[in-house]
Structure formats: structure tokens, C-alpha cells
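Quick notes on the structure that follows.
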Amino acid sequence: MLPYQALRIAPAPPQSYFRPWNGLLLYLLIGRFLKRNSSSSSRWKNRQSKDLFNREAKVQKLKSRAAFKLLEIDSKYNLFKKGQTVVDLGYAPGSWSQVAVERTKPHGRVLGIDIIPAQPPKGASAIQGDFLSAGIQAEAITFLSKPDRGRPKSELIFSDPESEIKMCSLFPELDLNSQSLGEETPRSGKVIQTKPCRVVDVVLSDMMQNTSGINLKDHTGSMELCNAALEFALSCLRIGGHFVCKFYQGDEDKELEKKIRQSFGRVNREKPDASRKESKEAYFVALRMKMPARSKPSPSRGAGVNAQHALHVWDSAKKFRTIHLSRTPIHHRGSQSSSFLRHFPLSTYFHEAPTIGPGSIE
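In the numbering used here, the protein residues as written are 24 to 385.
Set out below in C-alpha cells:
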């Protein structure tokens, strides 16, 4: 038999001995976290409610307060005129496109490009995809090369179906039910070589990646987007066209400004009143392009056409048409909801502004 001392082993505490303390500690940690988040959310809501531009944007039914930044820049430099062609890079949620549509109507056209899916404002067309992709830029060039595409125009209005039948018999080459929005993209894996289309009057770039709080990282990402926007602007702007670009201030913005000055007659830095004082964002306003553009856009990161698996087109007939850019068959899809895009994260969503006919109710 073992000695008495060997049997004197302290009993293990029951499993429930530490549970109350663990639960209390967890409760305190969660409560502190929720309190911190709620206080941060309260500060954000309080700032939004006191923001004059935010309140005014709601009154004027603008997509966001960012519209006042462009309005201030336009009032100072007179960027827009009626009938112009405007490209809005990073258009979501659409406040800058709203301003551009309003300032260029009734015969202007506005094309927005953004990686974020967003319904474009009335009167504007949009391409949803990564602007740094060569395939997306090629689609934009193809769209812009046709002067009437995306521009409000008169459409044939028939009072009864018989009139439409007679019109088709008189003009067999006129396809009134066509869903096509232009030539289909070839199914080869090669990038289409597009010629410079000097039909754009103003290029706007409000692109900005999600800020991380690391100044160097945010500034580097901003410079990549700005350089890509500049290359695109030089490839499609008319001589004398204008370029507005948002950037995150840092060491490299002087080099970017120097590059812009080589191609434009006048370049100014602007920080509109609607831009928050604590924000490091600012804008380059480049007026009167003076140097010929290159033969094609040269994006900073070319993903190629194969990276964009399909082009989903939403035409004025409210039907989807899918054009596969890889070596797969071309499919034509019927009417579907916008949730259809969730299954194609690498695809392009294209929305073209519908035509406005005489006497139609907007």
C-alpha cells in the first residue's frame, strides 16, 4: 500500500469552477466592443446629420455629396457644354454622372465605368468592370467610337402593331426588334486593337481604392489609378478636351502633375469646399489637351480579354445579351434581374441609356 503522503493529491476543481468568470470576462469584452462601435457609429451619424452638403444632396435628390465637388469645379473652369461626350471613371454611386448629364443635355452622352455594380443615373450609360483591365477599356473605346451610341435620340413610335409590320416590309434592312448594341466581340483570345477615337470632350476620374489608413499604401494605389486614367484620357480626348482626376496626396503626386502638364495647356490643383478638411484627397484639373494621344490605352495592369469571361449587355429592350469573350459559344439570354450579375464576378455589366422619343413620358 502506498504511503499516506502519496495519496494527498489536491482534487481537480470542477469544470464549472471557471465558467462564471469566463462568461463575465467575455460579457465585458463584448460590451466594450459594442460600445466602441456604437459610439463610432453615433459620431458618423452625427457628422452626417450636421453636414450641410449631405443635407443639400438629399434635398436636390443627388446620389451623394460628391456632386458639389464637381459643381464647384465646373463653376470655376466651365468644363461642360451642351452635347458633349463625357466619360466618368469610378462613377458609383453616380453623383458626378448626374451633374454631367444635367450640364450636357439634351444631346450629350455620359458613360460611367466602375468595378462596383450600381444603377447609372437617368440619361447615362455604364460599364461595370475593372477599369484597369484592357478588356474593359477596349469595350469603352468601342462604345465611344460610335457617335450616336448612348446619346438620347428620337425613336420610331407606332400607334398600332400594323404600322410596325408595314414599316418592316418597306424597310427590310431595319430590324426594329434587334437586341444588338453594336458589333459582337470576336471569340478569339486576342485583345482587339482599337484606333484612338477622339470623340470625348471631358474625362472625369473619381476613382479611389478603399483606404486602409496606411498613407503610403493608399497613395500608391491612388497613383496607379490616376496614371491609368491619364493614359485613357490621352487616348480618347479631343484636342482641347479636359481631364479631372482625384488623387490621394503624397510624394508621387508632383511627378504625376509634371506628366499631366506635358499634355495639357493648364493644370491646377483643387480641393473643393465639399471635400472634408481632414481628407487627403485633392483634384487635378487639366484643361485644353495639347498633345496627340497614343494609338491605344495602356493600362497599368492589363488583365487581357480572357480575364473578362463574358460581356453582359442590357439594352433598351430590357433584355440581357451575353457575349463571351473567351473561346466559348455566344449565348443570348432573356430578361433577367440584376441579381444575375452576382454569379459572374469577373464579368462586365453594360447599361446603355435608353433612347427618348418625342412625346414620350420620362
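Where a beta carbon is used, it is the ideal one built from N, C-alpha and C, also for glycine.
Beta bridge counterpart(s) of residue 108 as assigned by DSSP: DSSP output for residue 108 lists 132 as bridge partner(s).
Backbone secondary structure at residue 18 - three-state DSSP: In the structure displayed, the chain extends from 24 to 385; residue 18 sits before or after that span and is not available.
Enclosing alpha helix (DSSP H) for residue 76 [first to last residue]: 75-82
Own chain residues within Cβ distance below 6 Å of residue 242, not counting five before or after: 271, 273.
Environment of residue 192 [buried if 16+ CB atoms lie within 10 Å]: Any reading at residue 192 needs caution, since the residue's pLDDT is 40, under 50, leaving its predicted position unreliable; the model's value is listed next. The residue is exposed, with fewer than 16 neighbouring Cβ atoms inside 10 Å.
Same chain, Cβ closer than 6 Å to residue 113, neighbours up to 5 away in sequence not counted: 137, 229, 230
The segment 288-298 touching the segment 246-257, judged by at least three CB pairs closer than 8 Å: no
Beta-carbon proximity of residue 103 to residue 78, cut-off 8 Å: Cβ atoms of residue 103 and residue 78: not closer than 8 Å.
Simplified DSSP state of residue 151, which is helix, strand or coil: Note: residue 151 maps to strand in three-state DSSP.
Reduced DSSP category for residue 237 - H, G, I as helix; E, B as strand; rest coil: coil
Beta-carbon contacts of residue 275 that lie in its chain and below 7 Å, excluding the five residues immediately before and after: The residues are 242, 246.
Per DSSP, cross-strand counterpart(s) of residue 9: With the chain covering only 24 through 385, there is no way to say anything about residue 9.
8 Å contact criterion, which residue 267 and residue 96 should meet: CB distance rounded: 6 Å
Reference residue 157; option with closest CA among 301, 279, 252: Closest option to residue 157, Cα to Cα, is 252.
Close Cβ partners of residue 298 (< 7 Å) along its chain, the five nearest in sequence each way excluded: 92, 304
Contact check, residue 86 vs residue 129, beta carbons under 8 Å: no
Spatially closest choice to residue 144 from 164, 111, 101, by CA coordinates: Measuring from the Cα of residue 144, the nearest candidate turns out to be 111.
Under 8 Å between C-beta atoms of residue 154 and residue 134: no
Where the alpha helix (DSSP H) containing residue 163 begins and where it ends: Per DSSP, residue 163 belongs to the alpha helix (DSSP H) from 157-167.
Same chain, Cβ closer than 6 Å to residue 174, five either side skipped, listed in chain order: Scanning its chain for C-beta atoms nearer than 6 Å, with the 5 sequence neighbours on each side dropped, one finds around residue 174 the residues 132, in chain order.
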